[in-house]
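Protein chains in written order, with my numbering: chain A, 1 to 400; chain H, 401 to 800. The structure appears below as structure tokens.
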């Protein structure tokens, strides 16, 4: 029977935090390919080797700790947001390491570990696992740049001396990822574990209203074609109409707004904004798209505005593998009876990509007050250990 | 009796357009202190001298064409917007030149002329006349910078070889400025002239809603404190409540919006935006301020947002001098009976500043389709001449 050591797990987790420690709470600054990120991966490779795993970096810096022959794959990512928490990604990597180590020590099933590179999207979205899974071609990724104009090709060159080949995914029977929730549901309900049913689908596009740029002093209200007023009306309209369409889990966001010319004394001639919506149900995502396009067209037509839609990014919902998920639920019921639930993931994760290659599943532990992507991100250590135990229990069942 | 020559006036107006001609329609690119602006002012000084006026540049490059002894002052500005029309400012300067010239030729009253510098606000707002009138201290102006970081002190050094002393305003009995309307009212009504009753007052401030920056995938709608949603609600509320407060001439504008962090996948944690409103009535401006502050506080309180108001810029409405205005109205009724009106100015003008020093008045000619601050700005030449004749008629009355 697979027997993990919670103290060793927590020690490793705290040690990983020392790479790029922000000096603010438990926060870390460890973006992909930064010196602390590379140093952390080299330390992880050593810990894998100590555990009897064979470390292998792939060409983009994703680090695998492999056993020989077929195995289960556990892990997540060890890069952080520019201002990140200590658990986002790190938790799943160190939990995987502890379970792989314990499996070797105590005669559990063969387990390999992975820390994917650039999950936080310095160069895209879940870059390392997207490339590994074939979701993103390496040549395309190499041309992508970060906010400072550094290309992915330039950035990954910093790890060229460590790089090996891509790891053959056919050796893995499945993938499981422990992660913090990054939302408030478990924390609000005072539950310890969430077993993910599916990772939501995302629709994202830019919308532009074109009005007439004009003098804010001499243009009477009845003569204006104010692009910002178009945006405000559109926002009110979709908020109203979504009521009949959404579930409590559905979310939608206008997070980016650019007015032109963006001056106090000029009636806005153009408003470009982002419209993003997420849900686990493809049908609902489509119904929301219809509401959005219809509302924008009605507003444009009523206000005499031009309207254009940018390309729509569409990521389909990804259901978690039924067998792995059932194993996690059984384990949760043993380890934390009455203190777990099944739930959607509103965020993307490496598991989204890996699910293309093999059966994949995820479980969450609570984020205190739902805070993530911030130095203040945290989880009670008791809950971290509960998450580890639930995952270990599912692995130890042997049925996975 | 003062007798102007419309063809000479139009010839000079078209010649001035050749300085900084944009090559797009009749547009000009002649911002303050640019080589075309300085060249245009030197040409104007020559034309003034030819007309028997004594040209004098002041320390900031405003150009006066003076007669000896007491006189009436006519004029406007000859600098343009970065992408400007051929009439904005230029019309009032050339009309003043023609009337001063005609007055000397035909025995009219003594008339001096001015072209103020930087009315278009490369360094502030109506900079040259603001300094001359004492509205803006020269030392303060010298520290102001344009969008490229050039200081006013550096820019005006380009005219140092031309600069004389500040002109003593006590020699002028009054100021009259002919300008294009820059709005649609005269053009819509097919009228030729508007006599300005007052220049509207302006209130302008920044407002900030502080919410909670959060993950757009994992933060449920009921847990969000979305600063952009606060702005949208505020906008709807003031639009509704202003109905009971405003007149058809009142205008208000949200022209600038900055979200933070302004990303597709992040619930906006902060929204800072401009709120500007204009009206001829100080009482109404105050009632609107109350609506704005109350609405912002209600929205913030209902949505759990922080709220802060920036400093409020307040420019009081400036009524035009009753005697000068009456002379303009009498003249308009003679020159263009049934084709003129009295109206507010929604834009600031040099007359706003000059009114601190002496009786001041303004008249407008139509802007075709209300277009201004654009290459496409234009006015029928017949209307330009009508404006000239109305102004000349008021000057020739001798009562001004």
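Virtual Cβ for every residue (Gly too), placed ideally from N, Cα, C. Source: prediction; values computed, not measured.
- Looking at 91(A), 346(A) and 184(A), the one whose alpha-carbon comes closest to that of residue 381(A) is 91(A).
- At a cut-off of 8 Å between C-beta atoms, residue 638(H) does not count as an interface residue with respect to chain A.
- Around the beta carbon of residue 322(A), fewer than 16 other beta carbons sit within 10 angstroms, so the residue counts as exposed.
- Rounded to the nearest angstrom, the gap between the Cα atoms of residue 407(H) and residue 414(H) is 11 Å.
- When DSSP states are grouped into helix, strand and coil, residue 397(A) belongs to the coil group.
- Chain H has no Cβ within less than 8 Å of the Cβ of residue 342(A).
- Among the residues facing chain H, residue 70(A) is not included, as its CB has no counterpart in that chain under 8 Å away.
- Taken in chain order, the unbroken stretches of alpha helix (DSSP H) that lie wholly in the segment 27-105 of chain A and span 4 residues or more are 35-50.
- For the segment 215-244 of chain A, the set of positions with a beta-carbon nearer than 7 Å to some beta-carbon of chain H reads 215, 216, 217, 218, 219, 220, 221, 223, 228, 232, 235 and 236 in chain order.
- With a cut-off of 8 Å on Cβ pairs, the segment 678-688 of chain H is in contact with the segment 587-606 of chain H, counting three or more such pairs.
- In this structure, the straight-line span from the alpha carbon of residue 337(A) to that of residue 64(A) is close to 33 Å.
- The distance from the Cβ of residue 175(A) to that of residue 360(A) is about 4 Å, consistent with a contact at the 8 Å cut-off.
- At a cut-off of 8 Å between beta carbons, residue 262(A) contacts chain H.
- In the DSSP assignment, residue 606(H) falls within the unbroken beta strand (DSSP E) covering 601-610.
- Of the other Cβ atoms in all chains shown, 16 or more fall within 10 Å of the Cβ of residue 598(H); this residue is therefore buried.
- Straight-line spacing of the CA atoms in residue 272(A) and residue 661(H) works out to 16 Å.
- Where residue 628(H) is concerned, the enclosing alpha helix (DSSP H) starts and stops at 627-642.
- Among the residues of the segment 246-261 of chain A, those with a Cβ less than 9 Å away from any Cβ of chain H are 246, 248, 249, 250, 251, 252, 253, 254, 255, 256, 257, 258, 259 and 261, in the order of the chain.
- By the Cβ rule, the segment 182-199 of chain A counts as touching the segment 616-629 of chain H, because three or more pairs are nearer than 8 Å.
- Counting only runs of 4 or more residues that sit fully inside the segment 270-303 of chain A, the alpha helix (DSSP H) segments are 282-303, in chain order.
- By the Cβ rule, the segment 106-114 of chain A counts as touching the segment 63-82 of chain A, because three or more pairs are nearer than 8 Å.
- Under DSSP, residue 719(H) forms a beta bridge with 598(H).
- Following the DSSP letters along the chain, one finds residue 186(A) inside the alpha helix (DSSP H) bounded by residues 185-189.
- Within a 10 Å sphere around the beta-carbon of residue 369(A) sit fewer than 16 other beta-carbons, which makes this residue exposed.
- The DSSP-derived three-state label of residue 214(A) is strand.
- Bounds of any beta strand (DSSP E) do not take in residue 223(A), whose DSSP letter is neither H nor E.
- A contact is defined here as three or more CB-CB pairs under 8 Å, and the segment 521-528 of chain H fails this definition with respect to the segment 411-430 of chain H.
- A direct Cα-to-Cα measurement between residue 226(A) and residue 631(H) gives close to 16 Å.
- Judged by DSSP secondary structure, residue 179(A) falls within the beta strand (DSSP E) whose first and last residues are 172-180.
- Fewer than three Cβ pairs drawn from the segment 310-324 of chain A and the segment 161-170 of chain A lie within less than 8 Å of each other, which leaves the two stretches out of contact.
- For residue 253(A), there is no enclosing alpha helix (DSSP H); the residue is found in the beta strand (DSSP E) stretching over 251-253.
- Residue contact check for residue 547(H) against chain A: no CB pair falls below 8 Å.
- DSSP places residue 308(A) in the uninterrupted beta strand (DSSP E) bounded by 306-309.
- By the rule that beta-carbons nearer than 8 Å mark a contact, residue 184(A) touches chain H.
- Proximity of chain H to residue 347(A) at the Cβ level (cut-off 7 Å) is accounted for by 615, 617 and 618, in chain order.
- Distances from the alpha-carbon of residue 638(H) to those of 452(H), 552(H), 694(H) and 709(H) put 694(H) closest.
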